[in-house]
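My numbering applies: residue 21 is where the sequence shown begins, and numbers increase by one.
Let me begin by presenting the structure, written as structure tokens, before commenting on it.
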Amino acid sequence: MDWTQLPLGPLQTNCYVLSHQSKCILLDPGSEGEKLIQWLNENKLEPISILLTHAHFDHIGAVKELKQTFDIPVYLHKEEKQWLENPELNGSARFGMGSITAPPADVILDQEQELSIGPFTFQLLYTPGHSPGSISYYFEEGGALFAGDTLFMGSIGRTDLPGGNHQELLASIHQKIMSLPEETIVLPGHGPATSIIAEMDSNPFLNGF
Numbered sequence: 021m022d023w024t025q026l027p028l029g030p031l032q033t034n035c036y037v038l039s040h041q042s043k044c045i046l047l048d049p050g051s052e053g054e055k056l057i058q059w060l061n062e063n064k065l066e067p068i069s070i071l072l073t074h075a076h077f078d079h080i081g082a083v084k085e086l087k088q089t090f091d092i093p094v095y096l097h098k099e100e101k102q103w104l105e106n107p108e109l110n111g112s113a114r115f116g117m118g119s120i121t122a123p124p125a126d127v128i129l130d131q132e133q134e135l136s137i138g139p140f141t142f143q144l145l146y147t148p149g150h151s152p153g154s155i156s157y158y159f160e161e162g163g164a165l166f167a168g169d170t171l172f173m174g175s176i177g178r179t180d181l182p183g184g185n186h187q188e189l190l191a192s193i194h195q196k197i198m199s200l201p202e203e204t205i206v207l208p209g210h211g212p213a214t215s216i217i218a219e220m221d222s223n224p225f226l227n228g229f
């Protein structure tokens with residue numbers, strides 16, 4: 021399993037391209053669809069699905085263009101199934117980003133489970149708190165967790181947006197993420213990669229929970 025981090029858009033949201041040979045999965049394609057499509061073509065990669073950790077505007081901005089180009093399914097948690105089509109819910113209206121929308125998700129995720137898509141197998145972890153439908157994708161084979169805006173290097177996701185809950189976020193991190201192997205790489209929605217053990221040792225937001 022190979023993965024590439026591509027920061028996109030004004031908030032530099034990390035889009036991740038998880039690839040195996042010529043097939044790939046796109047996680048959180050937040051903006052700059054044309055740029056992302058060009059990168060995929062240059063690297064001779066064929067997307068087979070889009071996985072969303074949540075549906076805030078800065079994580080979904082390229083979904084529409086990617087679906088139009090590649091006709092691939094979008095996966096999203098049921099708590100945010102209305103957000104893709106609604107600028108008020110996904111926050112683009114709130115932050116003056118224009119009307120950012122995407123077609124409805126094709127696959128609605130409603131429980132923690134193991135999922136297999138093409139050559140990729142991963143564990144779905146429900147990690148609400150930053151938003152009500154936040155989920156993290158754990159790829160055991162590659163020792164990596166795609167955590168969205170739940171956990172960052174030295175920080176945690178904001179919880180002051182509609183549907184956010186600070187205590188719920190901390191519970192998600194401690195119960196679902198900190199229980200993973202310490203060497204697990206954490207790939208966040210913004211900023212550099214980190215690891216479970218690094219955040220255990222130094223993240224000030226997790227002390228005293």
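C-beta atoms are modelled at their ideal positions from N, C-alpha and C, and glycine is treated no differently.
Exercise. Nearest CA to the CA of L135: which residue from Q25, I45, L226?
Worked result: Here residue 135 is taken as the residue at index 115 of the sequence shown, counted from 1. Among Q25, I45, L226, the Cα nearest to that of L135 belongs to I45.
Problem set entry | Short CB-CB distance (under 8 Å) between N63 and chain B | In the displayed structure, chain B is absent; only one protein chain is listed.
Exercise. With burial defined as no fewer than 16 other Cβ atoms inside 10 Å of the residue's Cβ, what is the status of K98: buried or exposed?
Worked result: Here the question's residue 98 lines up with position 78 in the sequence shown. It is exposed - the Cβ of K98 has fewer than 16 other Cβ atoms within 10 Å.
For this session: Specify, as a first and last residue, the run of the alpha helix (DSSP H) that S192 falls within.
Result: As a working mapping, residue 192 is identified with position 172 in the sequence shown. That run of the alpha helix (DSSP H) goes 186-192.
Exercise. So the beta strand (DSSP E) S136 belongs to, where does it begin and stop?
Worked result: Stepping through the sequence shown from its first residue, residue 136 is reached at position 116. Run containing S136: 133-137, per the beta strand (DSSP E) assignment.
Problem set entry | Beta-carbon contacts of I216 that lie in its chain and below 6 Å, excluding the five residues immediately before and after | In the sequence shown, the residue the question calls residue 216 occupies position 196. L200, E202, T204.
Problem set entry | Buried or exposed by the 16-neighbour rule on C-beta atoms within 10 Å, applied to T24 | Within the sequence shown, residue 24 is the residue found at index 4, counting from 1. Burial call: exposed.
Problem set entry | As assigned by DSSP and simplified to three states, the class of N34 | For the purposes of this step, residue 34 is taken as the residue at position 14 of the sequence shown. Strand, per DSSP.
Exercise. When we look at the beta-carbon of P123 and count the other beta-carbons within 10 Å, is it buried (16 or more) or exposed?
Worked result: By one-based count along the sequence shown, residue 123 stands at place 103. Classification of P123: exposed, given that the 10 Å Cβ count is below 16.
Problem set entry | Residue closest to L38, alpha-carbon to alpha-carbon, out of G50, L26, M21 | Residue mapping note: residue 38 aligns to position 18 of the sequence shown, counting from 1. For L38, the nearest C-alpha among the options comes from M21.
For this session: Please specify which runs of the beta strand (DSSP E), each continuous and at least 3 residues long, are wholly inside the segment 84-138, giving them in chain order.
Result: 94-97, 127-129, 133-137
Exercise. Which same chain residues, not among the five before or five after R114, have their C-beta less than 6 Å away from its C-beta?
Worked result: As a position in the sequence shown, residue 114 is number 94, starting the count at 1. Closer than 6 Å at Cβ, skipping near neighbours: no residue.
Problem set entry | Cβ-based neighbour list, S151, same chain, cut-off 6 Å, excluding 5 preceding and 5 following | As a working note, residue 151 is residue 131 in the sequence shown. Answer for S151: H74, G183, listed in chain order.
Exercise. What runs of the beta strand (DSSP E), each 3 residues or longer, lie entirely inside the segment 149-225?
Worked result: 155-159, 164-168, 205-208
For this session: Using alpha carbons as the reference points, say which of D126, N61, P27 lies closest to S42.
Result: Position 22 of the sequence shown, counting from 1, holds the residue named residue 42. Taking only the C-alpha atoms, the option nearest S42 is N61.
Exercise. In three-state terms, what does DSSP make of H40?
Worked result: In the sequence shown, residue 40 corresponds to position 20, counting from 1. DSSP places H40 in strand when its eight states are reduced to three.
For this session: Would you mind working out which of T147, G138, S119, D126 sits nearest E132, comparing C-alpha positions?
Result: The sequence position of residue 132 within the sequence shown is 112, counting from 1. Residue T147 is the option with its Cα nearest to E132.
Exercise. Is it true that the CB of G149 sits closer than 8 Å to the CB of G111?
Worked result: As a working note, residue 111 is residue 91 in the sequence shown. As a working note, residue 149 is residue 129 in the sequence shown. The answer is no: Cβ separation not under 8 Å.
Exercise. Nearest-angstrom Cα distance between N185 and L171?
Worked result: Locating residue 185 in the sequence shown gives position 165, where the first residue counts as 1. Locating residue 171 in the sequence shown gives position 151, where the first residue counts as 1. Going from the Cα of N185 to the Cα of L171 covers about 14 Å.
Exercise. Cβ atoms of G174 and N223: under 8 Å apart, would you say?
Worked result: As a working note, residue 223 is residue 203 in the sequence shown. As a working note, residue 174 is residue 154 in the sequence shown. Yes, the pair counts as a contact, with Cβ atoms nearer than the cut-off.
Problem set entry | Distance, F140 Cα to H40 Cα | As a first step, residue 40 is located in the sequence shown; it is residue number 20 there, counting from the start. As a first step, residue 140 is located in the sequence shown; it is residue number 120 there, counting from the start. Cα to Cα, H40 sits roughly 8 Å from F140.
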